[in-house]
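*Asks:* Structure incoming, see below.
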């Protein structure tokens, strides 16, 4: 399966942010990615993105420790 240009760019951005600014970078990217597609006034989308970002951080930490 070949990655789309958007997926490759997003993967590069996540890698860059993770390398230089830590796990907060991953949470920020996920939050922004969802917030961009959220209809105006839909705070739930942004809150949900924060939860997804936190889940990614916890999963990443669990993978590194094991």
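In my numbering, the protein residues as written are 114 to 179. For each residue, glycine too, the CB sits at the ideal point set by N, CA and C.
1. Taking C-beta to C-beta, are residue 163 and residue 144 nearer than 8 Å?
2. Tell whether a beta-carbon distance below 8 Å holds between residue 167 and residue 140.
3. Just how far apart, CA to CA, sit residue 149 and residue 158?
*Replies:* Reading from the atomic positions:
1. Here residue 163 corresponds to residue number 50 of the chain shown, with the count starting at 1. Here residue 144 corresponds to residue number 31 of the chain shown, with the count starting at 1. It is a contact, given that the beta carbons lie within the stated cut-off.
2. Within the chain shown, residue 167 is the residue found at index 54, counting from 1. Within the chain shown, residue 140 is the residue found at index 27, counting from 1. The answer is yes: Cβ separation under 8 Å.
3. As a position in the chain shown, residue 149 is number 36, starting the count at 1. As a position in the chain shown, residue 158 is number 45, starting the count at 1. So the two alpha carbons sit approximately 10 Å from each other.
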